[in-house]
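Novice: This is the structure I have questions about; it appears just below.
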């Protein structure tokens with residue numbers, strides 16, 4: 001082997017995690033998607049966020065429903 005299993009095999013990876021980076025990226029993505037809604041009143045803001053999230057869920061679901069896509073769980 002050219003590389004040690006410590007570099008690529010999940011069984012040999014350390015227990016420390018980079019979840020802080022993943023969490024920050026998710027927060028940044030969510031915040032960037034609600035920029036317009038943040039300046040509205042609380043009721044309208046929540047309604048805008050709700051409709052955006054529902055639209056995104058429907059789009060993702062219809063994308064996966066045609067049967068040609070594969071979902072991989074890690």
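In this note's numbering, the protein residues as written are 1 to 74. Idealized CB from N, CA, C, for every residue including glycine.
Would you please state the rounded distance, in angstroms, between the beta carbons of residue 48 and residue 37? I believe it to be under 8 Å.
Specialist: About 4 Å separates the two Cβ atoms, so the contact holds.
Novice: Is the beta carbon of residue 63 sitting closer than 8 Å to the one on residue 56?
Specialist: Not a contact, by the Cβ cut-off of 8 Å.
Novice: Thinking C-beta only, is residue 33 closer than 8 Å to residue 52?
Specialist: Cβ atoms of residue 52 and residue 33: closer than 8 Å.
Novice: Starting from residue 47 and walking both ways along the alpha helix (DSSP H), at which residues does that stretch end?
Specialist: Here the alpha helix (DSSP H) through residue 47 covers 42 to 65.
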